[in-house]
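Participant:
Number of protein chains: 2
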Amino acid sequence: MTERILTFQALNPDQAKQIEALGAEVVPFEKMAETSGITAIFGWSRKHGLNVLQDPHNAVKWIQTVSAGVDYLPLDYIKNHGIKLSNAVGVYSPAIAESTIGYLLYFLRGFNDAVKNQAGHFWQPPERNDLALLASQKVVIYGTGSIGQDIAELLNGFGNYPYGVNRSGRAVAGFAGTVAQKDDAGLIKDADVIINAMPSTPETVDYFNEAYFNQLNGVRIFVNVGRGTSVDEQALVNALRNKHVLNAALDVFNTEPLPKDSALWELSNVLITPHQTGFAVENTAPIFDFLADNLKSLQETGELRRNVVDPARGY
Amino acid sequence: MTERILTFQALNPDQAKQIEALGAEVVPFEKMAETSGITAIFGWSRKHGLNVLQDPHNAVKWIQTVSAGVDYLPLDYIKNHGIKLSNAVGVYSPAIAESTIGYLLYFLRGFNDAVKNQAGHFWQPPERNDLALLASQKVVIYGTGSIGQDIAELLNGFGNYPYGVNRSGRAVAGFAGTVAQKDDAGLIKDADVIINAMPSTPETVDYFNEAYFNQLNGVRIFVNVGRGTSVDEQALVNALRNKHVLNAALDVFNTEPLPKDSALWELSNVLITPHQTGFAVENTAPIFDFLADNLKSLQETGELRRNVVDPARGY
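If you read the protein sequences in the order shown, they are chains H and S. Under the numbering used here, the first residue of the first sequence carries the number 3, and numbering increases by one thereafter. Under the numbering used here, the first residue of the second sequence carries the number 3, and numbering increases by one thereafter.
In structure tokens:
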């Protein structure tokens with residue numbers, strides 16, 4: 003049968019032509035209301051997505067997300083209706099890894115003070131010993147999947163071999179060593195940098211809480227490029243105020259957009275980026291490739307072949 | 003004879019002990035007025051340095067700077083009086099290279115907008131295609147000495163092989179290619195990033211002038227970690243306003259401190275750091291090593307052996 007793909011994520015004309023050349027139809031988001039018989043969705047809409055699935059005139063059997071995480075989807079509905087699901091995991095990792103190195107250099111190389119001084123036309127050099135090299139920092143990365151591995155690989159280019167924390171403590175290339183989550187206490191007590199790159203799962207909710215931060219003795223930088231749910235934000239604010247954590251770079255939050263009255267906005271030792279760390283113009287092509295490859299696979303075998311997600315597990 | 007070393011750059015107690023163990027005397031800056039017979043200087047003071055050289059009670063024969071460049075010294079006096087000169091070239095290169103990568107990621111990964119939005123509590127994500135990967139940028143580095151090479155090495159870790167510009171066009175490891183200065187026009191016309199890492203010499207003064215910037219067609223980032231004298235600042239301001247250059251990260255300036263009324267402070271597409279790019283706590287040890295090694299050499303052979311500078315050439 004001819005697949006009819008609703009594109010919440012717009013395709014450019016060349017991409018649309020490629021999909022049509024595979025014998026499928028492309029339904030732009032704007033034509034959603036006047037189209038029935040939708041069998042697949044590219045991207046997602048929090049407002050309209052579930053309606054499209056539930057509309058009896060459609061027969062959606064496959065969703066290809068443009069995101070790595072899928073926790074914002076109606077996973078129970080997807081599971082119960084046997085809808086196939088594939089994500090874009092891996093695509094964002096190079097961009098997230100580059101951003102993460104940027105966050106670290108922003109604080110280590112004195113940019114955070116420089117931008118504040120620039121606003122007041124203040125020429126105020128730091129003390130020579132206030133700045134430090136990324137090469138020398140002890141970095142601990144939570145999560146050793148594609149994001150953690152890509153961060154580690156870039157760190158290696160600075161001569162830095164980080165430590166990893168994962169479920170089992172299994173060894174991973176690019177890391178000086180890894181431990182299981184339950185064994186992280188010894189690793190973090192003299193860490194200079196802690197990076198969260200874990201996905202959202204029940205075990206990671208509020209992992210970075212008051213008890214966690216109280217173990218730290220002046221960690222220079224805490225980075226969250228994983229999920230907002232992993233961090234108890236009030237505990238982090240307290241840690242930033244009482245110097246258990248000296249600086250933080252945060253891309254994800256409990257509530258997004260971050261509420262106007264969040265204390266995080268005002269802390270001078272925090273860099274906030276609005277859930278953009280994985281953005282890059284270079285991502286467009288590989289995300290489209292997932293769509294095209296999975297479409298071909300579905301046509302040929304009835305199954306997806308790339309980045310298949312189990313909706314019961316969420317990854 | 004016993005060397006008597008005036009330390010404009012303070013030594014810590016352990017370092018002072020090591021120098022004394024070599025049979026030399028350490029004269030802290032604070033005791034300058036009450037001390038005569040100074041034979042060597044570590045560091046420099048713009049206010050007091052020349053007085054120390056000219057004081058007939060002293061007999062300075064060696065200056066060990068803590069900087070890489072020596073253009074702020076009275077080079078004619080030093081040359082005419084046969085004073086030996088050594089610098090700290092190379093020490094700062096790793097820190098400058100790390101800072102340079104930080105400057106590039108600051109703009110490429112959208113931090114420049116993020117910090118401005120954070121000040122107003124604005125959650126304003128960029129368009130997905132507004133951000134880009136460092137891996138994909140065409141980078142051109144002016145100067146392929148220790149700074150340029152260290153920048154190239156870090157870029158290589160991002161999968162980026164930059165182009166170099168030097169006097170002769172000689173090939174240098176870590177670069178995709180190099181050209182001589184006179185042949186740079188073809189290289190820069192489609193560059194994404196241009197980095198100045200050249201020392202201050204007569205040939206580099208105002209190298210980046212109006213004619214230069216007019217060749218550029220929207221270079222994404224211009225970085226100056228070389229010398230302020232290499233850039234015609236008014237021409238750069240014009241280039242930033244008329245979009246020949248989209249963003250700039252500047253650590254060095256024609257006049258330092260940068261005057262309060264410089265237009266550069268106010269440009270929203272400029273990051274200003276106050277001549278700090280080479281600072282790092284990790285530099286202390288290797289700079290001291292130059293002092294100790296050259297002291298030993300002077301005692302043994304009458305000549306310096308590390309980082310000897312010809313005051314007539316300035317490097």
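Where a beta carbon is used, it is the ideal one built from N, C-alpha and C, also for glycine. Keep in mind the model is a prediction, meaning the values are calculated, not measured.
#1: Quick one: does the C-beta of H:E205 sit closer than 7 Å to a heavy atom of the ligand GDP?
#2: Skipping 5 residues on each side, what residues in its chain have a beta carbon closer than 6 Å to that of S:N198?
#3: Would you mind giving the Cβ-Cβ distance between H:V93 and H:I289, rounded to the nearest angstrom? I have them listed as a contact below 8 Å.
#4: Taking C-beta to C-beta, are S:T146 and S:G316 nearer than 8 Å?
#5: For H:D86, report the span of its beta strand (DSSP E) as first-last.
#6: Would you call the CB atoms of H:Q120 and H:S88 closer than 8 Å?
#7: State the DSSP-derived secondary structure class of H:E302, mapped to helix, strand or coil.
#8: What residues of chain H sit near S:N158, judged by a beta carbon separation below 9 Å?
#9: Assign S:V141 to one of three DSSP states: helix, strand, or coil.
#10: Are the CB atoms of H:Y163 and H:A178 nearer to each other than 8 Å?
#11: Measure the C-alpha to C-alpha separation of H:Q151 and H:A251 and round it to an integer number of angstroms.
#12: Would you kindly report the start and end of the unbroken alpha helix (DSSP H) that includes H:L248?
#13: According to DSSP, is H:Y105 helix, strand or coil?
#14: Beta-carbon separation of S:V247 and S:A265 under 8 Å?
#15: Quick check for students: name the residue ranges of the beta strand (DSSP E) that lie wholly in the segment 209-243 of chain H, counting only runs of 3 or more.
#16: Would you decide whether H:S95 is buried or exposed? Buried here means 16 or more other CB atoms lie within 10 Å of its CB.
#17: Please go through the same chain and pick out, in chain order, the residues whose beta-carbon is closer than 7 Å to the beta-carbon of H:K86, but skip the five residues on each side of it.
#18: Alpha carbon to alpha carbon, how far is H:A116 from S:I274? Give it in angstroms, no decimals.
#19: Is H:M3 buried or exposed, if buried means 16 or more other CB atoms sit within 10 Å of its CB?
#20: Determine the DSSP secondary structure at S:A97, reduced to helix, strand or coil.
#21: Which residue marks the beginning of the alpha helix (DSSP H) containing H:G159, and which one marks its end?
#22: So is S:S38 buried or exposed if we call it buried at 16+ other beta carbons inside 10 Å?
#23: What does H:Y108 touch in chain S if you count any residue whose Cβ is under 7 Å from its own?
#24: What runs of the alpha helix (DSSP H), each 4 residues or longer, lie entirely inside the segment 22-81 of chain S?
#25: Among residues of its own chain, excluding the 5 on either side of H:R2, which ones have a beta-carbon nearer than 7 Å to its beta-carbon?
#26: Check the Cβ of H:Q217 against every Cβ in chain A and list those closer than 7 Å, keeping chain order.
#27: Can you give the Cα-Cα distance for H:P313 and H:L24, rounded to whole angstroms?
#28: Counting only Cβ pairs nearer than 7 Å, list the residues of chain S close to H:I274.
#29: Restricting to Cα atoms, I'd like to know which of H:N60, H:N296, H:K140 and H:G161 is closest to H:R222.
#30: For S:V283, which of helix, strand or coil comes out of DSSP?
#31: Rounded to the nearest angstrom, how far is the Cβ of H:D29 from that of H:L13, given a contact under 8 Å?
#32: Are the CB atoms of S:L136 and H:E100 nearer to each other than 8 Å?
#33: If I'm right that S:E284 touches H:A134 with Cβ under 8 Å, what's the distance once you round it to whole angstroms?
#34: Residues of chain H with CB under 7 Å from S:K262, in chain order?
#35: Please identify the residue among H:D73, H:W46 and H:T41 whose C-alpha is closest to the C-alpha of H:H59.
#36: In the structure shown, what three-state DSSP assignment does H:F187 receive?
Facilitator: Let me lay it out:
#1: Although the ligand GDP was asked about, the structure shown includes no ligands whatsoever.
#2: Numbered from 1 along the second sequence, position 196 holds the residue referred to as residue 198 of chain S. These residues qualify, in order along the chain: Y144, N226, G228 and S232.
#3: As a position in the first sequence, residue 93 of chain H is number 91, starting the count at 1. As a position in the first sequence, residue 289 of chain H is number 287, starting the count at 1. Taking 8 Å as the upper bound for CB-CB distance, H:V93 and H:I289 are in contact here, some 5 Å apart.
#4: Here residue 146 of chain S refers to the residue found at position 144 when the second sequence is read from its first residue. Here residue 316 of chain S refers to the residue found at position 314 when the second sequence is read from its first residue. The Cβ atoms of S:T146 and S:G316 lie no closer than 8 Å to each other.
#5: Indexing the first sequence from 1 puts residue 86 of chain H at position 84. Sequence inspection shows Lys at residue 86 of chain H; the Asp mentioned does not correspond to that position. Unbroken beta strand (DSSP E) run through H:K86: K86 to S88.
#6: Position 118 of the first sequence, counted from the start, is the residue given in the question as residue 120 of chain H. Position 86 of the first sequence, counted from the start, is the residue given in the question as residue 88 of chain H. No, these two residues do not count as a Cβ contact at 8 Å.
#7: Taking the first residue of the first sequence as position 1, residue 302 of chain H is located at position 300. It is helical.
#8: The residue given as residue 158 of chain S occupies position 156 in the second sequence. Within 9 Å Cβ-Cβ: G159.
#9: Counted from its first residue, the second sequence places residue 141 of chain S at position 139. Correct three-state label for S:V141: strand.
#10: As a working mapping, residue 163 of chain H is identified with position 161 in the first sequence. As a working mapping, residue 178 of chain H is identified with position 176 in the first sequence. Taking 8 Å as the cut-off, the beta carbon of H:Y163 is found closer than this to the beta carbon of H:A178.
#11: Numbered from 1 along the first sequence, position 149 holds the residue referred to as residue 151 of chain H. Numbered from 1 along the first sequence, position 249 holds the residue referred to as residue 251 of chain H. Just so you know, the alpha carbons of H:Q151 and H:A251 end up roughly 19 Å apart.
#12: Counting from one through the first sequence, the residue named residue 248 of chain H turns up at place 246. Note, H:L248: premise wrong, no alpha helix (DSSP H); not H, not E.
#13: By 1-based counting over the first sequence, the position of residue 105 of chain H is 103. Reduced to three states, the DSSP call for H:Y105 is helix.
#14: Translated into the one-based positions of the second sequence, residue 247 of chain S becomes position 245. Translated into the one-based positions of the second sequence, residue 265 of chain S becomes position 263. It is not a contact, given that the beta carbons lie outside the stated cut-off.
#15: Considered as a whole, the segment 209-243 of chain H harbours 223-226 as its complete beta strand (DSSP E) runs of no fewer than 3 residues, in chain order.
#16: Stepping through the first sequence from its first residue, residue 95 of chain H is reached at position 93. By the neighbour-count rule (16 or more Cβ atoms within 10 Å), H:S95 is buried.
#17: As a working mapping, residue 86 of chain H is identified with position 84 in the first sequence. Shown here for H:K86: same chain residues with a beta carbon closer than 7 Å to its own, the five before and five after excluded, namely K63, W64 and L306 in chain order.
#18: Position 272 of the second sequence, counted from the first residue, corresponds to residue 274 of chain S. Position 114 of the first sequence, counted from the first residue, corresponds to residue 116 of chain H. Taking the Cα positions, S:I274 is about 7 Å away from H:A116.
#19: Translated into positions along the first sequence, residue 3 of chain H becomes position 1. Counting the other CB atoms within 10 Å of its CB gives H:M3 a total below 16, which places it among the exposed residues.
#20: Position 95 of the second sequence, counted from the first residue, corresponds to residue 97 of chain S. Correct three-state label for S:A97: helix.
#21: On the first sequence, residue 159 of chain H is found 157 positions in, with the first residue counted as 1. Here the alpha helix (DSSP H) through H:G159 covers S148 to G159.
#22: If you number the second sequence from 1, residue 38 of chain S lands on position 36. Here S:S38 is exposed: its Cβ has fewer than 16 other Cβ atoms, across all protein chains shown, within 10 Å.
#23: Residue 108 of chain H sits at position 106 when you count from the first residue of the first sequence. Residues of chain S passing the Cβ test: G104, Y108 and F113.
#24: Counting only runs of 4 or more, we get 51-56.
#25: Nothing can be reported for residue 2 of chain H: it is not among the residues displayed for chain H, which extend from 3 to 317.
#26: Absence of chain A from the displayed structure is noted, the protein chains being H and S.
#27: The residue given as residue 313 of chain H occupies position 311 in the first sequence. The residue given as residue 24 of chain H occupies position 22 in the first sequence. Answer to the nearest angstrom: the Cα atoms are 27 Å apart.
#28: As a position in the first sequence, residue 274 of chain H is number 272, starting the count at 1. Ordered by position in chain S, the residues that pass the 7 Å Cβ test against H:I274 are A116 and Q120.
#29: Here residue 222 of chain H corresponds to residue number 220 of the first sequence, with the count starting at 1. For H:R222, the nearest C-alpha among the options comes from H:K140.
#30: The residue labelled residue 283 of chain S in the question sits at position 281 within the second sequence. The three-state secondary structure of S:V283, taken from DSSP, is helix.
#31: Your numbering for residue 29 of chain H matches position 27 in the first sequence. Your numbering for residue 13 of chain H matches position 11 in the first sequence. Rather than Asp, the amino acid found at residue 29 of chain H in this sequence is Val. Contact doesn't hold; Cβ gap of about 11 Å is too wide.
#32: On the second sequence, residue 136 of chain S is found 134 positions in, with the first residue counted as 1. On the first sequence, residue 100 of chain H is found 98 positions in, with the first residue counted as 1. With contacts defined by Cβ atoms closer than 8 Å, S:L136 and H:E100 form a contacting pair.
#33: Taking the second sequence and counting its residues from 1, one reaches residue 284 of chain S at position 282. Taking the first sequence and counting its residues from 1, one reaches residue 134 of chain H at position 132. About 7 Å; that satisfies the 8 Å criterion.
#34: Locating residue 262 of chain S in the second sequence gives position 260, counting from the first residue. Here the neighbours are H123.
#35: Indexing the first sequence from 1 puts residue 59 of chain H at position 57. Out of H:D73, H:W46 and H:T41, H:T41 has the C-alpha closest to the C-alpha of H:H59.
#36: Indexing the first sequence from 1 puts residue 187 of chain H at position 185. Here residue 187 of chain H is Ala; the residue named in the question, Phe, does not match the sequence. It is helical.
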